[in-house]
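Protein chains in written order, with the numbering used here: chain A, 18 to 165; chain B, 18 to 165; chain C, 541 to 623; chain D, 541 to 623. We put the CB at the ideal spot given by N, CA and C, even for glycine. Since this is a predicted model, take the numbers as computed values, not measurements.
Below you can see the structure in the form of structure tokens.
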């Protein structure tokens, strides 16, 4: 169970290989990789800010919750911060379980939480200047379907 | 939209890179990789048989259905056949969309279908010999939650 | 007619593919199963479990009352187990 | 007391971190917000939108009636937008 918040890019293949290497107990690995979307060309860059310390602790807490809810063999969260360009990778969630449904549901749960409740703030740059992104209610709904 | 049935292994990192390279319209990529599970050490090898022609057509049809149900930018299914050992990769599903939920739901839908309805047959080898695997009803339930 | 067998059915029949000349009175998949079983114990045993026998006609799943003709491809297999 | 500002709040305050000596009559997060606002227009404007102001006390989300002391770390930020 690992959580990393970093400015550096991550390599999906390398993370997947490290995650599964030498293991014969995993029925499947579910993975979600978030990318910076250009949004019809209006977003030219995005900067992610976090609260060092608090952000990592909250990510560790949600990973522990996922592990309590589903029979996971392993979980990984890698989240980038700093200035990112369209097409750049932002976030990686990987979950492994003997059971396909558990890994898929846990991955879905974690990325919904990360996309809505995780302590990150986004600053978007576009052709008409930069602005801080407001929290979206539709995203809160996506996270709320997991109950508590 | 690509479907491949092959004896050769696949490289998750390479498939992911090819899938996302040069694209700025993808909000996220959902991925599921199925692995051969040792099942408490009782399974020593697994052989997957398919119906060449029919299997590929059915995989293409389910991919088309996923594309009709969700706003996908791309989808990939790679499925291996032949004799596999514990820890080997069996199947890869990757879906990309501007919207996280769409890619996750479509990936979940596709892997549920692949694991239950796709024309593959499994022969398991263990310490007490080999046997053809029977269709599981719990898996049918998993697939049926997607309705029609 | 081309007939294909897969998985446990193939293993019991002893081969995965054969060409037959379809007898004129064999008009459905069910007729074909009956005719194959009449060819000997190996077929009779391989195709005995009607509950778990599945058929495809020209690579599409069909029920046993589906009509067949000599130019078709028919396949027999147990329920799929997925990937 | 260590005070941290993030995102749009940080941008408006003009810095991300400061150390203050907590006045004795400032007993809650709400008191602290009031005291900071009294320090000048920059703070008053940066912390004006009560509806979208969030606080953390020692890296845990808290409501504005939470009690604070001089050894605490308090952070102000807008609602998180996720990753």
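By the criterion of Cβ-Cβ separation under 7 Å, what are the contact partners of residue 606 of chain C in chain E? No chain E appears in the structure shown, which is made up of the protein chains A, B, C and D.
Proximal residues to residue 47 of chain B (C-beta, below 6 Å), its chain only, five neighbours per side dropped: Taking the second chain and counting its residues from 1, the one referred to as residue 47 of chain B is at position 30. Cβ within range, chain order: 112, 120, 121, 124.
Examine chain A for any beta-carbon lying closer than 8 Å to the beta-carbon of residue 67 of chain B, and answer yes or no. Residue 67 of chain B sits at position 50 when you count from the first residue of the second chain. Taking Cβ atoms only, chain A never reaches closer than 8 Å to residue 67 of chain B, which makes this a no.
Terminal residues of the continuous alpha helix (DSSP H) containing residue 572 of chain D? Walking along the fourth chain from the start, residue 572 of chain D turns up at place 32. Taken as a continuous stretch (DSSP letters only), the alpha helix (DSSP H) holding residue 572 of chain D covers 569-577.
Quick check on residue 32 of chain A: buried or exposed, where buried means 16 or more other Cβ atoms within 10 Å of its Cβ? Sequence index remark: in the first chain, residue 32 of chain A carries index 15 (1-based). Burial call: buried.
With 16 as the cutoff for other CB atoms within 10 Å, does residue 86 of chain B come out buried or exposed? Taking the second chain and counting its residues from 1, one reaches residue 86 of chain B at position 69. So residue 86 of chain B ends up on the exposed side.
Looking at the structure shown, is residue 625 of chain C part of a helix, part of a strand, or coil, going by DSSP? Because chain C in this structure spans residues 541 to 623, residue 625 of chain C falls outside the shown range and cannot be described.
I need the boundaries of the beta strand (DSSP E) containing residue 545 of chain D, first residue and last residue. Stepping through the fourth chain from its first residue, residue 545 of chain D is reached at position 5. Looking at the DSSP string, the run of the beta strand (DSSP E) that includes residue 545 of chain D is 542-545.
Using a Cβ-Cβ cut-off of 8 Å, state whether residue 54 of chain A counts as contacting chain B. Start at 1 with the first residue of the first chain, and residue 54 of chain A comes out as number 37. Output row for residue 54 of chain A: interface = yes.
Could you give the distance in angstroms between the alpha-carbon of residue 25 of chain B and the alpha-carbon of residue 54 of chain B? Counting from 1 along the second chain, the entry for residue 25 of chain B is found at position 8. Counting from 1 along the second chain, the entry for residue 54 of chain B is found at position 37. Distance between the alpha carbons of residue 25 of chain B and residue 54 of chain B: 18 Å.
So residue 128 of chain B is in the alpha helix (DSSP H); what residue range does that whole segment cover? For the purposes of this step, residue 128 of chain B is identified with residue 111 of the second chain, where counting begins at 1. Unbroken alpha helix (DSSP H) run through residue 128 of chain B: 117-133.
Of the residues that make up the region 96-129 of chain B, which ones have a beta carbon closer than 7 Å to any beta carbon in chain A? 103, 104, 115, 117, 118, 121, 125, 128
Can you find a C-beta in chain A that's less than 8 Å from the C-beta of residue 137 of chain B? Mapped onto the second chain, residue 137 of chain B falls at position 120. For residue 137 of chain B, the answer is no, since every Cβ of chain A falls outside 8 Å of its Cβ.
Can you tell which of B/147, B/40, B/91, B/162 has the C-alpha that lies nearest to the C-alpha of residue 60 of chain B? As a first step, residue 60 of chain B is located in the second chain; it is residue number 43 there, counting from the start. The shortest C-alpha separation from residue 60 of chain B is found at B/147.
Nearest to residue 64 of chain A (by Cα), restricted to the options D/621, D/541, D/552: The sequence position of residue 64 of chain A within the first chain is 47, counting from 1. Residue 64 of chain A has its Cα closest to that of D/621, out of D/621, D/541, D/552.
How about residue 43 of chain B and residue 90 of chain B: are their beta carbons less than 8 Å apart? As a first step, residue 43 of chain B is located in the second chain; it is residue number 26 there, counting from the start. As a first step, residue 90 of chain B is located in the second chain; it is residue number 73 there, counting from the start. In this structure, residue 90 of chain B lies closer than 8 Å to residue 43 of chain B by Cβ.
Partner residues on chain A for residue 547 of chain D, Cβ-Cβ distance less than 7 Å: The count along the fourth chain starts at 1 and reaches residue 547 of chain D at position 7. Those within 7 Å of residue 547 of chain D in chain A are 66, 138, 149.
Chain-ordered chain B contacts of residue 620 of chain C [CB-CB under 7 Å]: For the purposes of this step, residue 620 of chain C is taken as residue 80 along the third chain, with counting starting at 1. Here the neighbours are 134, 135, 136, 137, 138, 152.
Between residue 117 of chain A and the rest of its own chain, which residues show a CB-CB distance below 7 Å, the 5 nearest in sequence each way excluded? One-based indexing of the first chain puts residue 117 of chain A at position 100. Around residue 117 of chain A: 44, 45.
Against chain B, with Cβ distances strictly below 8 Å, would residue 47 of chain A count as a contact? Mapped onto the first chain, residue 47 of chain A falls at position 30. Yes, residue 47 of chain A counts as interfacial toward chain B.
With DSSP as the reference, label residue 47 of chain B as helix, strand or coil. Here residue 47 of chain B refers to the residue found at position 30 of the second chain. Three-state DSSP puts residue 47 of chain B in a strand.
Min CB distance residue 24 of chain B to chain A below 8 Å: On the second chain, residue 24 of chain B is found 7 positions in, with the first residue counted as 1. So no, residue 24 of chain B is outside the interface.
Does the region 586-598 of chain D come within contact of the region 544-552 of chain D, defined as at least 3 CB pairs closer than 8 Å? yes
Does the beta carbon of residue 89 of chain A come closer than 8 Å to any beta carbon on chain D? Start at 1 with the first residue of the first chain, and residue 89 of chain A comes out as number 72. No - not a single Cβ of chain D is within 8 Å of the one on residue 89 of chain A.
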